[in-house]
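**Student:** Line by line, the protein sequences give chains A and B. Under numbering that gives the first Met the number 0, the first residue of the first sequence is numbered 0, with each subsequent residue one higher. Under numbering that gives the first Met the number 0, the first residue of the second sequence is numbered 0, with each subsequent residue one higher. Can you read through this structure? Questions will come right after.
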Amino acid sequence: MHPILSDAKQLGLYLLGCLPIGILLIIGLGRPGAWATAAVFFLPLMLIYAFIGLSAFYLCRAFPIATEERTWRAVPAHVSAAATVGGLCVALAWGWARLLESLNIGLQPQLYLAQPWVLFAVGALLFWLATAFHYVLIASSASQQAERRSLEAGLLAREAELKALRAQLDPHFLFNSLNSISSLTARDPSAARNMCLLLADFLRDTLRLGAAQRISLQEELNIVERYLSIEQVRLGARLNILKDTSEQALGAKVPALILQPLAENAVLHGIAHLLEGGTVTIRAQTEHSMLIVWVTNPCDPDRPRHKRAGIGLSLVRQRLQSQFGLAGQLETGEERGEFTAKLSLPFDPPDGMVANAYA
Amino acid sequence: MLTPKPLTVVIVDDEAPARALVREYLEQHADVHVVAECTNGLEAVKAANELRPDLLILDIQMPKLDGFEVLDLIGADATGVVFTTAHDDYALRAFEVHAVDYLLKPFGPERFAESLRLARSRIAQRQPIPARELLEAHREGSAIDRILIRDRSQVHVIPVEQIDYVEAQDDYVSIRAAGRSYLKEQTLGELEGQLAAKGFVRIHRRYILNVSRLAKIELSEKDNRVAILSDKTELPISRSGYAKLRELL
Chain A
0 MHPILSDAKQ LGLYLLGCLP IGILLIIGLG RPGAWATAAV FFLPLMLIYA FIGLSAFYLC
60 RAFPIATEER TWRAVPAHVS AAATVGGLCV ALAWGWARLL ESLNIGLQPQ LYLAQPWVLF
120 AVGALLFWLA TAFHYVLIAS SASQQAERRS LEAGLLAREA ELKALRAQLD PHFLFNSLNS
180 ISSLTARDPS AARNMCLLLA DFLRDTLRLG AAQRISLQEE LNIVERYLSI EQVRLGARLN
240 ILKDTSEQAL GAKVPALILQ PLAENAVLHG IAHLLEGGTV TIRAQTEHSM LIVWVTNPCD
300 PDRPRHKRAG IGLSLVRQRL QSQFGLAGQL ETGEERGEFT AKLSLPFDPP DGMVANAYA
Chain B
0 MLTPKPLTVV IVDDEAPARA LVREYLEQHA DVHVVAECTN GLEAVKAANE LRPDLLILDI
60 QMPKLDGFEV LDLIGADATG VVFTTAHDDY ALRAFEVHAV DYLLKPFGPE RFAESLRLAR
120 SRIAQRQPIP ARELLEAHRE GSAIDRILIR DRSQVHVIPV EQIDYVEAQD DYVSIRAAGR
180 SYLKEQTLGE LEGQLAAKGF VRIHRRYILN VSRLAKIELS EKDNRVAILS DKTELPISRS
240 GYAKLRELL
């Protein structure tokens, strides 16, 4: 639908804008002393022409001025369209003059038909004006849309961050940890104190770090290790941790708390379901200007699928999407009792270092 | 002076600190005897079966079998159970619907003593936990992924996709899966509801069929229809069962 036709207010403004053009025609082409004839002849024609001019919108849409080659291809189309409209103008003028004459109200509009080339030229040139007007209209609405889209994307990203942060503080984890502390207080006070400190540090990090904030992978791994040592108090020998990270990867900057949900997933839906437990392995390295982190854990293929499972992973995906677009990916897979989460994102070097050095 | 028989207790929790805490709290109660500690649901079912304890202190989130599945398997014997759990809305709703006592981790010694007192009076009155109602409230008619069957002290876990068909046998159902039959104390109607979303159809008053096992339907004498399974087993199809099958296929 035409943007001007679909809005009564805009249509009114547009027609009002055509009025001065009509007046210019009367002044330019009208004969002195016969102004009334000129007005009666040109103003209705101008009104009809205003609607013909709107059709330029569809031409502009078919030939957007996005790329240079397309612009050149549009020239013959614009020329032939203007010629058609010019011819149409002559025909309309002729018909309108005949109609006015037949009314016998003492007007002699046929004198304007003596110079059909002038009418043709006016019609064609005004159509080019309409074309230019529509290109401007389309460009401005496109930029408005782009602005709205970027606002929406920003809003979505912030929402995802908030959800991610809220999910980070899993109440289940907190209550279980408090229960472990409660148990340790009587039997092993120093272990209880240690667990309190671990939990406090973990909570402080989780609450302090804004989700959009970038921290080094080393810092992120510290948070993950703190989380895992808390879970180790609960799960005991069932939970083991193995790390294999390159020096380069450790310096990379990552969105805060992007890895922790993967470790949590490995414990809650992997190790916790195994009688003998197992090892959570975290590997990180850089590959062609990308940072790749793998989190693998053994899992029970027959474990009951909890409703909440997968929420943490989908939040990580949303955050990657909002911050890196297609360049940030989380792939997960389960094979022969082993679950793997592979996180890949653009390698963001530590401050003061050039990304190309690692490319 | 007459000493009452001590209360025998089994502690079930996969986390060592949680078990230690319950043990510590129980030390305050002289007439309680801890007969076993189990680190998972399978051990719990075995211990409940072999030791016949008066009371199970049962955690909900555990590997292999969760607390509800343990309850499902020990069902009729579940006179005394105190459930323990960290925050989990989903599980708690079931307890609240049937006014079953539970302990929210972390819990203190007073709250624990109160639970123990409630459990004792329940045991003294031989008033069992409403196990079936509790399980139903927990599942809330949702589809199940697997069926658990206790065979003496052994537990069989049967993924529903391995089941060929289920046959009603008095108070039991006979579940045919992977060339074997398993008996479970359950009604066919109950199972029908749980399996409906998994591609199973009640084709007869006495049979639920896994539709993916159906090879063909044949007409037998007197307008009756018979389902022929891919392993050549023949099952009768009732009129309404045929209507349901046609709707699905």
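We treat Cβ as the ideally placed atom computed from N, Cα and C, and that holds for glycine. Note that the coordinates shown come from a computational prediction; the quantities given were computed from them, not determined experimentally.
1. Measuring only the C-alpha atoms, how far is residue 153 of chain A from residue 292 of chain A?
2. Name the DSSP bridge partner or partners of residue 337 of chain A?
3. Going along the chain, which residues of its own chain have a beta-carbon closer than 6 Å to the beta-carbon of residue 118 of chain A, five neighbours each way excluded?
4. How would you write the range of the alpha helix (DSSP H) that residue 326 of chain A sits in, first residue to last?
5. Measuring CA to CA, which of B:105, B:43 and B:225 is closest to residue 238 of chain B?
6. Considering only DSSP beta bridges, list what residue 277 of chain A is partnered with.
7. So residue 81 of chain B packs on residue 64 of chain B, CB below 8 Å; how close in whole Å?
8. Could you tell me the distance, in whole angstroms, from the CA atom of residue 226 of chain A to the CA atom of residue 271 of chain A?
9. Output the distance between the C-alpha atoms of residue 348 of chain A and residue 287 of chain A, rounded to the nearest integer angstrom.
10. Inspect the CB distances between the stretch 14 to 26 of chain B and the stretch 272 to 287 of chain A and report whether three or more fall short of 8 Å.
11. In chain B, which residues lie with their C-beta within 7 Å of the C-beta of residue 232 of chain A?
12. Verify whether the separation of the beta carbon atoms of residue 95 of chain A and residue 18 of chain A is less than 7 Å.
13. Would you say residue 46 of chain B reaches chain A, if we count a Cβ-Cβ gap shorter than 7 Å as a contact?
14. Anything in chain A within Cβ reach of residue 86 of chain B, meaning under 7 Å, just list it in chain order.
15. Write down the C-beta distance between residue 83 of chain B and residue 57 of chain B rounded to the nearest angstrom, noting that I regard them as a contact closer than 8 Å.
16. Between which two residues does the beta strand (DSSP E) carrying residue 84 of chain B extend?
17. Can the beta-carbon of residue 82 of chain A be found less than 7 Å from the beta-carbon of residue 129 of chain A?
18. Considering residue 41 of chain A, what are the terminal residues of the alpha helix (DSSP H) in which it resides?
19. Taking the straight line between their C-alpha atoms, what separation do you get for residue 241 of chain A and residue 248 of chain A?
20. Beta-carbon separation of residue 194 of chain A and residue 232 of chain A under 7 Å?
21. Could you give the distance in angstroms between the alpha-carbon of residue 114 of chain A and the alpha-carbon of residue 12 of chain A?
22. Could you tell me the alpha carbon to alpha carbon distance between residue 98 of chain B and residue 176 of chain A, rounded to whole angstroms?
23. So for residue 358 of chain A, helix, strand or coil by DSSP?
24. Taking Cβ to Cβ, would you say residue 240 of chain B is nearer than 7 Å to residue 202 of chain B?
25. Less than 8 Å between the CB atoms is what I'm expecting for residue 167 of chain B and residue 205 of chain B, so what's the real figure, rounded?
26. Given residue 229 of chain B, which residues of its chain have a CB within under 8 Å of its CB, disregarding the five upstream and five downstream residues?
27. Using the beta-carbon count (16 or more within 10 Å), is residue 61 of chain B buried or exposed?
28. Should residue 23 of chain B be flagged as near chain A, meaning a C-beta pair shorter than 7 Å?
29. Give a yes or no on whether the minimum CB-CB distance between residue 221 of chain A and chain B is below 7 Å.
30. Counting Cβ pairs closer than 8 Å, one from the stretch 115 to 124 of chain B and one from the stretch 140 to 160 of chain B, do we hit at least three?
31. Do residue 269 of chain A and residue 237 of chain A have their C-beta atoms within less than 7 Å of each other?
32. Between A:184, A:346 and A:344, which lies nearest to residue 19 of chain B when the distance is taken from Cα to Cα?
33. Taking its Cβ as the centre, do 16 or more other Cβ atoms sit within 10 Å of residue 55 of chain B, making it buried, or is it exposed?
34. Distance cutoff 7 Å, beta carbons only. Does residue 178 of chain A sit that close to anything in chain B?
35. How would you list, in chain order, the residues of chain B whose beta-carbon sits under 8 Å from the beta-carbon of residue 186 of chain A?
36. With distances taken from CA atoms, which of A:8, A:336 and A:144 is nearest residue 273 of chain A?
**Tutor:** By the coordinates alone:
1. 26 Å
2. A:297 and A:334
3. Answer for residue 118 of chain A: 88, 89 and 92, listed in chain order.
4. Per DSSP, residue 326 of chain A lies in no alpha helix (DSSP H) segment and is marked neither H nor E.
5. Cα-wise, what sits closest to residue 238 of chain B is B:225.
6. Residue pairing of residue 277 of chain A in beta bridges, as defined by DSSP: A:238.
7. Wrong, their Cβ atoms sit about 17 Å apart, outside the cutoff.
8. 14 Å
9. Distance from the CA of residue 348 of chain A to the CA of residue 287 of chain A, rounded to the nearest whole angstrom, comes to 13 Å.
10. no
11. 16
12. no
13. no
14. 170, 171 and 174
15. 7 Å
16. For residue 84 of chain B, the uninterrupted beta strand (DSSP E) segment begins and ends at 80 to 84.
17. Their beta carbons are not under 7 Å apart, which means residue 82 of chain A does not touch residue 129 of chain A by this criterion.
18. Per DSSP, the unbroken alpha helix (DSSP H) holding residue 41 of chain A starts and ends at 34 to 53.
19. 16 Å
20. It is a contact, given that the beta carbons lie within the stated cut-off.
21. 32 Å
22. 27 Å
23. Low local confidence applies: a pLDDT of 41 at residue 358 of chain A is under 50, so the model's placement there is unreliable, with the coordinate-based value given in what follows. Here residue 358 of chain A sits in coil by DSSP.
24. yes
25. 4 Å
26. 212, 213 and 214
27. That one is buried.
28. yes
29. No, residue 221 of chain A lies away from the interface with chain B (no Cβ there is under 7 Å from its Cβ).
30. no
31. no
32. A:184
33. buried
34. yes
35. 19 and 23
36. It is A:336 whose Cα lies nearest to the Cα of residue 273 of chain A.
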